[in-house]
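Enquirer: FYI, the numbering for the sequence shown is 9 to 246, going by my numbering.
Each residue gets a CB set at the ideal place from its N, CA and C atoms; glycine is no exception.
On a predicted model such as this, the values are computed, not experimentally measured, just so you know.
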Amino acid sequence: MTATEGETTAAEAALRWACREILTSPVRARHWLRAQPRRAEQQVPLMQIVRAEAHVRVGQGDQARQAAAAVLRIPGIEAGALLAGSAVLADTACWNGDRDAVELCLDYQRAAEAFTDYDRAWCAQALHAVAVYQQHSCAEGRQLLRVAYRTARQHGSDRLVAACAAALFGMGARCGRRSDPEQSQWAPVPGGLLCPAGSPRLDYLTSRLRRHPGTHSCRPAPPTIPHPLPDIIDKAPS
Ligand SMILES: [Zn+2]
């Protein structure tokens, strides 16, 4: 084995270990973040993306955004890292409630489509609907999510269908009661490094939706819609 291959193997092992730590618990994610400055190999794009995801995991939204944005400024970044970094940046903006979340979701969707990475593009489409619901108009966001839901049913994974359906139900419920932001469980962004784009957690979109109240253009408040979840939701792993 050459030195280069050895270095590559070590970096890949470090990346896998970091992902496990972050997924396991916020406490372990925080420990991993504290250890970062001592790890020179983590200054590569993929490690920077994991760093951004770890910051979200421990509730450090501003640091997450800075880390994700830094990834996209790395010269000559390869397509996989570019798309993963775009996913994390758009997701972090939604998580934070940043005003440019809508535009960043569109940027992410366009980049994914340009590289024909449709699993990511469909996730970006659904996340864009959530950002529009929060930043622009609940009615527009719900319409966009209906479109994303139909796209997912035609082309996407069962998990994405289930995540879209759950978020559609959540949007209807939030319009009905004008609820304040709620505590939401963290879920990894599909298309980052912790979760494949084709396998979003059922609660991914609702976890982002619940963080902010929405911009309500609905009047009078509509009744809560019947739960639209298809049977597959009962079967989908969380
Ligand atoms: Zn509304």
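(1) Compare the beta carbon distance of Leu135 and Gly178 with 7 Å and say whether it is the shorter of the two.
(2) What number of angstroms, rounded off, separates the C-alpha of Ala22 from the C-alpha of Ala87?
(3) For Glu86, which of helix, strand or coil comes out of DSSP?
(4) To which residues of the same chain is Thr10 closer than 7 Å at the C-beta, ignoring the five residues directly before and after it?
(5) Is the number of C-beta pairs between the segment 30–47 and the segment 74–89 that are closer than 8 Å three or more?
(6) Could you say if the segment 219–228 and the segment 137–147 meet the contact criterion of at least three C-beta pairs nearer than 8 Å?
(7) Please work out which residues of its chain come closer than 8 Å, Cβ to Cβ, to Val155, disregarding the five sequence neighbours upstream and downstream, and give them in chain order.
(8) Since Arg167 contacts Gly222 with CB under 8 Å, what's their CB separation in whole angstroms?
(9) From Ala139, Glu29, Thr124 and Ala89, pick the residue whose C-alpha is nearest to that of Thr100; which is it?
(10) Does ligand 1 have a heavy atom nearer than 6 Å to the CB of His220?
(11) Tell me the DSSP secondary structure of Trp194 in three-state form.
(12) Give me every residue whose Cβ sits closer than 5 Å to any heavy atom of ligand 1, in chain order.
(13) Could you check where the alpha helix (DSSP H) with Gly149 kicks off and where it finishes?
(14) For Arg210, which option in Gln56, Ala129, Arg219 and Gln193 has the closest C-alpha, if you only look at C-alpha atoms?
(15) Tell whether a beta-carbon distance below 7 Å holds between Asp106 and Ala205.
(16) Helix, strand or coil for Cys131 per DSSP?
(17) Mind checking Gln117: buried by the 16 CB within 10 Å criterion, or exposed?
(18) Using C-beta distances below 7 Å, list every residue in its chain close to Ala195, excluding the 5 sequence neighbours before and after it, in chain order.
(19) Are Leu176 and Leu31 close, meaning C-beta to C-beta below 7 Å?
(20) On the DSSP letters alone, give me the boundaries of the alpha helix (DSSP H) that Phe177 sits inside.
Expert: In short, the structure shows the following:
(1) no
(2) 21 Å
(3) coil
(4) In this predicted model, Thr10 has a pLDDT of only 49, less than 50, meaning its place in the structure is not dependable enough to derive any value.
(5) no
(6) yes
(7) Gln133 and Ala137
(8) No, Arg167 and Gly222 are not in contact; Cβ-Cβ is about 24 Å, not under 8 Å.
(9) Ala139
(10) no
(11) coil
(12) Cys146, Cys183, His224 and Cys226
(13) Cys146 to His163
(14) Rather than Arg, the amino acid found at residue 210 in this sequence is Leu. The candidate whose alpha carbon is nearest that of Leu210 is Gln193.
(15) no
(16) helix
(17) buried
(18) Arg209, Asp211, Tyr212 and Ser215
(19) no
(20) Asp166 to Arg185
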